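Below you'll find the structure, written out as structure tokens, and then a few comments.
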Amino acid sequence: KRWLYSPAVAPMWYDAVYGENAARLKFGRKQRTKLPTRRDSLWYGDGTRLNLYYQDKEGNVRTTLVYEVIDAMSEVMLGYWISDSEDYEAQYHAFRMAIQTSGHKPYEIVHDIQGGHNKLNRQGKQPTSGNDKTQGFLDRLCHIHRPTMPYNGESKTIESIFGRFQQQVLAQYFNFTGQNVTAKKLTSRPNMEMVAANRDKLPTYQELCELYARCR
67 KRWLYSPAVA PMWYDAVYGE NAARLKFGRK QRTKLPTRRD SLWYGDGTRL NLYYQDKEGN
127 VRTTLVYEVI DAMSEVMLGY WISDSEDYEA QYHAFRMAIQ TSGHKPYEIV HDIQGGHNKL
187 NRQGKQPTSG NDKTQGFLDR LCHIHRPTMP YNGESKTIES IFGRFQQQVL AQYFNFTGQN
247 VTAKKLTSRP NMEMVAANRD KLPTYQELCE LYARCR
């Protein structure tokens with residue numbers, strides 16, 4: 067057992083047993099990022115499941131997605147947009163709300179590697195000045211915007227903020243969907259018996275949007 071789990075041997079079989087992502091997180095090279103000490107220095111943008119069930123017009127129990135923009139230093143949730151897809155339109159509305167809430171443009175934006183961000187930076191709002199015609203929405207919004215590796219929660223603190231928001235706020239509602247599949251706490255699991263027994267009390271889509279706004 068000591069030989070199998072030794073640093074020289076374990077990387078040879080770990081990914082086959084636990085998956086490539088788990089092996090990368092355990093044995094991959096790590097680097098530490100120094101977080102900013104001033105507001106609006108760094109914004110994180112990321113989409114996640116809105117962890118509350120709702121009832122659609124046909125009476126089906128559903129979930130939806132939300133795209134959030136958060137200031138890294140203060141951990142303030144600046145802007146968001148609720149939609150069924152994490153596309154460039156949701157990202158545009160979330161960043162626009164973040165600008166209106168903050169009153170300032172960020173110096174740097176960090177986001178995932180997704181086609182939506184690329185399309186947002188190509189399209190965005192059509193600029194009026196001559197030099198800005200070649201720039202996309204994100205280029206005009208900040209000085210630097212860079213992507214992070216997908217499915218790598220350690221690369222940005224917004225994942226930690228999502229986790230605490232789910233545990234401390236959203237989990238108090240009976241229609242909580244639970245956190246992601248890798249969460250090990252019993253309190254992070256959905257109470258499907260409670261949801262089934264109170265299906266008629268599930269919020270509508272409009273009520274879900276209002277509830278999420280209050281939770282934020």
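Going by my numbering, the sequence shown opens with residue 67, and the numbers climb by one from there.
Positions of the beta carbon are idealized from the N, C-alpha and C atoms, including for glycine.
Bear in mind that the values here come from a model prediction, so they are computed numbers and not experimental data.
Buried or exposed by the 16-neighbour rule on C-beta atoms within 10 Å, applied to residue i
i      : result
Ile179 : exposed
Asn241 : buried
Gly169 : exposed
Tyr84  : exposed
Tyr271 : exposed
Gly125 : exposed
Gln234 : exposed
Lys222 : buried
Ala11  : Examination of residue 11 is not possible in this model, given that the chain is present from 67 through 282 alone.
Leu70  : exposed
Gln157 : buried
Gln232 : buried
Asp266 : exposed
DSSP state of residue i mapped onto helix, strand, coil
i      : result
Glu141 : coil
Gly113 : strand
Thr130 : strand
Thr167 : helix
Tyr278 : helix
Pro77  : helix
Leu268 : coil
Asp106 : coil
Phe240 : coil
Ser226 : helix
Leu101 : coil
Leu91  : helix
Tyr158 : helix
Tyr71  : coil
Arg206 : helix
8 Å Cβ shell around residue i - same chain, five flanking residues per side excluded
i      : result
Leu236 : Asn117, Leu118, Phe242, Cys281
Val261 : Tyr119, Val127, Phe240, Asn241, Leu268
Gln166 : Gly145
Phe228 : Asp112, Thr114, Glu134
Leu108 : Leu101, Pro102, Asp137, Ala138, Met139, Pro172, Tyr173, Glu174, Ile175, Val176
Pro77  : Ala89, Phe93
Own chain partners of residue i with C-beta closer than 6 Å, once the 5 adjacent residues on each side are dropped
i      : result
Ala164 : Val135, Leu144, Gly145
Beta bridge counterpart(s) of residue i as assigned by DSSP
i      : result
Ile136 : Tyr110, Met143
Arg212 : Val176
Gln232 : For Gln232, which the question treats as bridged, DSSP gives no partner whatsoever.
Ser149 : Leu131
Gln121 : Val127
Cβ neighbours of residue i in the same chain (closer than 7 Å, five flanking residues each side left out)
i      : result
Glu141 : Ile227
Glu86  : none
Below 8 Å, can you find three or more Cβ-Cβ pairs linking the stretch 203-214 to the stretch 130-150? no
Hey, is the stretch 128-141 in contact with the stretch 150-164, meaning 3+ C-beta pairs nearer than 8 Å? yes
Closer than 8 Å is the cut-off here; do at least three beta carbon pairs connect the stretch 112-121 with the stretch 91-101? no
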